[in-house]
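As numbered in full-length UniProt numbering, residues 1 to 732 make up the sequence shown, in order. We treat Cβ as the ideally placed atom computed from N, Cα and C, and that holds for glycine. Since the structure comes first, as structure tokens, the remarks are kept for the end.
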Amino acid sequence: MSESASTNKPPLNGRRALPSNNSNAEENEVPEMDAFGMIPRGFNPKDYLQVVSIHMFKEPHEINKQQHHTDKYYNPKLIVRRGQPFQIQIDFSRPYEPKKDQIWLEYLIGRYPQPNKGTYIPILIGDVLKPGVWGAKITHKENNSIRLSIMSSATCIIGKFRLYVAVWTPFGIIRTHRDPATDTYILFNPWCQQDAVYLDDEKEREEYVLNDVGIVFHGDINEIKLRSWSYGQFEEDILDACLFLMDKAELELSGRGNPIKICRVASAVINSKDDNGVLAGSWDNLYAYGVAPSAWTGSVDILLEYYSSKQPVRYGQCWVFAGVFNTFLRCLGIPARLITNYSSAHDNNANLQLDFFVDDEGQVDNKLTKDTVWNYHCWNEAWMTRPDLPVGFGGWQAVDGTPQETSDGMYRCGPASVQAIKHGHVCFQFDAPFVFAEVNSDIVYSRREKNGSQVIVNIDTTHIGKLIVTKGVGSDEMVEITENYKFQEGSEEERLALETAVMYGVKKQTTQDTTYQPQKDVELELQVQKAVLGSDFKVTIMLRNNSRNSYTATTYLSGNIVFYTGVTKSEFKKHSFSAKLQPLSSAAFDVMITSREYLSELLDQASFHFFVTARINETGKILAMQKAVVLEIPSLRIKTKGEMVAGREMTVTVEFTNPLKQALENVTLRLEGPGVLRTTKKEFRQIPAQSTLIWEVKCFPKRPGFQKLIASLNCDALRHVYGELSILIQKP
């Protein structure tokens, strides 16, 4: 060790001989000559076998990256997947003679490499390679060169290793000097049966590991919307940025071969709460000094900005956290997908019950009501075995990087086995009760009486977790996966799963102490006309009297502008009326909503929430209903001009027509496409009402094949405007 290295040693603590080894970026100095004792004066290293050069076969078209499915990474170094052989060639100063020359390879990672931690790996040259165990054998000898096939362990640490070749001499070990060109990245291997992330279907591997664009489903259950997201896991510096996230989370290097540990620490480091992680969340419609969540078109800009600044990037909401998390997982080789849960419960006290309190008028009391229903919530699923759980709980695991509630003192969530959630076995780590509540809660409407007692006025058991979806394999179809999370609503199995969850300690409040007798003979229904942003629309309230009595109903409609998280910003419409209900008949009442009433208050996801409460005056009973509505937002049109050939210039145009009756100010457009162009931005001072903007961009596509262009438009008055175009880039 050199003088400087020994003086800079970090302080040791009494419990461990070496400081914690939790940074892939740090290195130790490795001596080029490890002497066994005094070196005699006549010793000349040149008398022994010397390494002249090492060939890594690391070009995208060469054998290693082709066989290991890493040819798409825009990275000049060797990238291989664990548990699968790769090739290197060593050129010596003379022909290699196995009888008299003793050489071995050394792979090192981090600053304190140790054999028992898997951070120092010496590999002797043998005759056979055992699957999934470190080893090397000679496959070819010619003149002064040997070709080696090297097998890595199927449980090996994921990260960037340094390579040395060591030669034994009677007086000491001579090593090659430190050469960054021979650094080798080792990733998870879903193609290898012994790997914890093994996935047996090639089409699924192509989608969940190799596809670098995806789809985010948003909007709400009645108005499902979709947009593309560029994961960009193969783009320049993204692999290093993802490894940096594990350094940032201070995950011990020896734990980095375990996908469970990696997912758990990543779900915390993706958000900035409590660890200065990647993304700062903002749900208040104010995005000063940052980028509005809806403006991002993909993960690359976010990860690169974080990697260079080391400070949280502003701002994210659930689909942005999930998009970045998906990039991280796919980049490291863990099969992953982004999923959306419509009508997702954010249950503050995890009692499987969302408590909505209404006052005498039937209005929701926002001071008392702490739980919320998100129009939708995105999280991720990562595929892996769960040796820490009983058999049958491997496969898809729910992980969530959006900071909602703390888990073991940090904002993180998962991995939770989806299979365990479905069957109510929420006792298994990590955070299964929270995810169970997101897809299974009941909504309970209660009214506070004057004497302080609570009367339950309505229970809605089917509102939550109505639909859970993800992008199809090899297509842009929406695939429903609700049944992965829950049994058929109202089935015997569903009740059983719920009872199991309650048995395992998910608190479910009983409703015995509060009398609940619903009004069975009157039905309430609410319909909202589909509407385009900027236009007027109508809301229809239907009351059906199934009894032989005449009733009068005092009816109250409340229209609210809400964040997609279900938190109310403001009530923009109040409308009360009295309805006469004849026996055995229905009545419909229309309420007009004009654009003037809502435009100035509108938030970036253009979502409304309507509450209707009707009090039957003759019985005092209350009927309650709620419905979320999302307006239709105009989209961007993307076109291309001329030929589209890899390496040659092409032109892309983005067009947009302003649908509003007002001008849009300070508009930002973004355009990106993995393999085609890096994110490009342009600001426009103003787009007058009803006028069309055209933006032209020139670029040089890098990769031939099917690619996707994704664009977004963003300004204070209008967000969530997207466009996309699939294109085919020809080979030159």
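Alpha carbon to alpha carbon, what distance is there between residue j and residue i?
i	j	result
Pro335	Phe428	22 Å
Thr594	Val269	44 Å
Cys715	Leu664	7 Å
Gly290	Ala689	26 Å
Arg264	Phe393	17 Å
Gly83	Ile121	14 Å
Arg162	Leu332	18 Å
Asp240	Asp247	11 Å
Pro659	Val562	22 Å
Ile443	Val373	9 Å
Lys641	Ile727	11 Å
Glu696	Ala295	19 Å
Tyr112	Glu250	14 Å
Val216	Ser585	43 Å
Cys318	Leu279	11 Å
Leu352	Leu498	9 Å
Asn549	Tyr315	56 Å
Ile502	Val439	The sequence given here has Val at residue 502, not Ile. Distance between the alpha carbons of Val502 and Val439: 15 Å.
Ile150	Met56	11 Å
Met644	Asp212	20 Å
Gln194	Ser153	9 Å
Thr7	Gly126	Because Thr7 sits at a pLDDT of 42, beneath the cut-off of 50, its placement in the model cannot be relied upon, and the following sentence gives the value as read from the coordinates. Rounded to the nearest angstrom, the two C-alpha atoms are 40 Å apart.
His68	Ala181	19 Å
Which word fits residue i, buried or exposed, when buried means at least 16 other C-beta atoms lie within 10 angstroms of its C-beta?
i	result
Thr657	exposed
Thr651	exposed
Arg685	exposed
Asp301	buried
Gln512	Low confidence applies to Gln512: its pLDDT is 41, below 50, so where it sits in the model is not reliable enough to give any reading.
Ser272	buried
Gly298	buried
Gly135	buried
Ile710	buried
Gln707	buried
Arg330	buried
Ser93	exposed
Ala382	buried
Leu124	exposed
What three-state label does DSSP hand residue i in the structure shown?
i	result
Asn116	helix
Ala646	coil
His423	helix
Arg489	Note on residue identity: the sequence assigns Glu, not Arg, to residue 489. It is coil, neither helix nor strand.
Ala241	helix
Ser586	strand
Arg596	helix
Phe161	strand
Phe430	coil
Val324	helix
Lys370	coil
Asp716	coil
Tyr74	coil
Met625	strand
Asn8	In this predicted model, Asn8 has a pLDDT of only 48, less than 50, meaning its place in the structure is not dependable enough to derive any value.
By alpha-carbon positions, which one of the options ends up nearest to residue i?
i	options	result
Gly395	Ala181, Gln311, Asp201, Tyr74	Asp201
Tyr376	Lys160, Ser145, Ile224	Ile224
Val621	Ala437, Val522, Val528	The amino acid occupying residue 621 in the given sequence is Lys; Val does not appear at that position. The residue with the shortest Cα to Cα distance from Lys621 is Val522.
Thr340	Lys261, Thr176, Thr470	Thr470
Phe608	Ser585, Tyr564, Thr619, His575	Tyr564
Ala166	Ile90, Gly219, Gly232	Ile90
His720	Lys698, Ile54, Arg314, Arg670	Arg670
Lys580	Ser570, Phe610, Asn560, Ala614	Ala614
Gln527	Phe572, Glu643, Val612	Val612
Thr176	Gly281, Phe57, Val30	Val30
Arg147	Pro45, Pro85, Asn189, Gly566	Pro85
Pro415	Pro387, Glu477, Asn440	Pro387
Asp47	Trp168, Thr619, Tyr556, Ile63	Trp168
Asp183	Lys137, Leu105, Thr568	Leu105
Ser475	Ser228, Ser282, Phe43	Ser228
Do residue i and the ligand FAD come close, with the Cβ less than 7 Å from some heavy atom?
i	result
Leu728	In the structure on display, the ligand FAD does not appear, and there are no ligands present to speak of.
- prompt: Is the region 100-112 in contact with the region 188-205, if contact means three or more CB pairs nearer than 8 Å?
  reply: no
message: For the pair the region 172-191 and the region 18-34, tell me if three or more CB-CB distances fall below 8 Å.
response: yes
query: Does the region 452-460 come within contact of the region 418-435, defined as at least 3 CB pairs closer than 8 Å?
result: no
query: Looking at C-beta atoms only, is the number of pairs between the region 61-77 and the region 131-146 that lie closer than 8 Å three or more?
result: no
Cβ contact check for the region 357-371 and the region 487-502: 3 or more pairs under 8 Å: no
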